[in-house]
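In the working numbering, the protein residues as written are 914 to 1176. To start, the structure itself, in structure tokens.
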Amino acid sequence: MPADNSRVPSGKTLPLSRWIPGICAAILIALCPAVSHAADGLKAAVAANFMIPFKEIAAAFEAETKIRVEATYSSTGSLYGQIVNGAPYDVFLSADEKTPSSLFEKGIAEKPILYATGRVVLWGSGKDFCGAKTWQEALKRTGAKKIAIANPVTAPYGAAAEEALKKTGLWDGSRDRLVTAQTVAQSFQYAMTGGTDGSFCALSSALSEQGSKGCHYIINEAPPIRQAACLLNRTARKNDASRLLIFLNSPKASEIKKRYGYF
């Protein structure tokens, strides 16, 4: 067997240059978990109606704090189910107040805060559709054969639209023309891409760049939708998550929200 020339003779000290690589490796190993953790974005579960303004808010938050945010957008009901089943989100931005309050009561989240109040609109782009004086008139026009609506069971904006239709006596006459979308953002996309002739959607979608290609009607019969956010107790990044929640009501975020019709 060949001799092991790497051994240090008894009584001799290994030169410092021979120790440095090992020391560096040990330091890197110790730091790797922290580096990996810092590279991960703060995970936010965000109601689909708030997707457009939240992308701008998250970018402004990162620019100010250097904390990156990774958002998942879906219906409030769907996100609630994921959270209850252990999804590793840090914060939850709901499209209502009831859902975060339920998480708080279950001990899954901290006490919610109000971050926005939104409105439901009827959006479309056809000339006949846009020539109406009211949303009820637009809905009754012959050109509006299919109208998208977010699932009222899981999407608060869909539930609010359904409430308005029932309040005005239009629910029964419209049901056969309604196309159900999984989220309010998807409802808007159906109309935007021509899959439907109109859409019950959030005012934020109507005020977006895509929304400017059509027209919208405010639905006063639908109640304003108060939206709350909460920090999830399972988060390992409580300080960062708390900073994001505080930032949601900062002057910068409020300016963005106002631009998309939230108050």
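Where is the CB? At the ideal position from N, CA and C, for every residue including glycine.
Indicate whether residue i and residue j have their beta-carbon atoms separated by less than 8 Å.
i, j, result
"Ser1125", "Trp1036", "no"
"Ala1008", "Ala960", "yes"
"Asn1064", "Gln1095", "yes"
"Lys1165", "Ala971", "no"
"Gly875", "Arg981", "Outside the displayed range of the chain (914 to 1176) lies residue 875, so it cannot be described from this structure."
"Thr1101", "Ile1060", "What sits at residue 1101 in the sequence shown is Phe, not Thr. Their beta carbons are not under 8 Å apart, which means Phe1101 does not touch Ile1060 by this criterion."
"Ala1098", "Met964", "yes"
"Ile1138", "Leu1091", "no"
"Gly990", "Thr1067", "yes"
"Trp1048", "Tyr1130", "yes"
Which residues does DSSP pair with residue i in a beta bridge?
i, result
"Leu1091", "Ile1060"
"Ser1167", "Answer is none; Ser1167 lacks a bridge partner."
"Glu977", "DSSP output for Glu977 lists no bridge partner at all."
"Glu983", "Lys956"
"Gln989", "As written in the sequence, residue 989 is Thr, which differs from the Gln given in the question. DSSP lists no partner for Thr989."
"Ile996", "Answer by DSSP bridge pairing: none, since Ile996 is not bridged."
"Ile867", "Residue 867 lies beyond the residue range present for the chain, which begins at 914 and ends at 1176; the question has no answer from this structure."
By the 10 Å Cβ neighbour count, where 16 or more other Cβ atoms means buried, how is residue i classified, buried or exposed?
i, result
"Gly994", "exposed"
"Phe1160", "buried"
"Gly1082", "exposed"
"Asn1146", "exposed"
"Val1033", "buried"
"Thr1106", "exposed"
"Ser1152", "For clarity, residue 1152 is Asn in the given sequence; the question names Ser instead. With fewer than 16 other Cβ atoms within 10 Å, it is exposed."
"Tyr1175", "buried"
"Glu983", "exposed"
"Glu1075", "buried"
"Lys1011", "exposed"
Based on Cα-Cα distance, which residue from the options lies nearest to residue i?
i, options, result
"Thr1148", "Pro966, Arg1054 and Pro1001", "Pro1001"
"Asp1003", "Gly1107, Thr985 and Gln1123", "Thr985"
"Pro997", "Ser1015, Ser987 and Ile980", "Looking at the sequence shown, residue 997 is not Pro but Val. Per the Cα distances, Ser1015."
"Ala1226", "Glu975, Ile965 and Asn962", "Residue 1226 is absent from the structure shown; the chain starts at 914 and stops at 1176."
"Glu1168", "Asn962, Pro966 and Leu955", "Pro966"
"Lys1040", "Asp953, Leu1145, Cys1128 and Leu1157", "Cys1128"
"Gly1056", "Ala1072, Thr1067 and Ser1038", "Ser1038"
"Pro1136", "Leu1120, Lys1080 and Leu1144", "Lys1080"
"Phe1005", "Ser1087, Ala1077 and Leu1158", "Leu1158"
"Ser1087", "Ala1051, Ser987 and Ile1131", "Ala1051"
"Phe1017", "Ser1163, Arg1156 and Leu1144", "Leu1144"
"Thr1093", "Lys956, Glu1010, Pro1025 and Ser988", "Ser988"
With hydrogens ignored, establish whether the beta-carbon of residue i is closer than 7 Å to any heavy atom of the ligand PLP.
i, result
"Ser988", "In the structure on display, the ligand PLP does not appear, and there are no ligands present to speak of."
Touching by the beta-carbon criterion (3+ pairs, under 8 Å), the region 1019 to 1029 and the region 1044 to 1062: no
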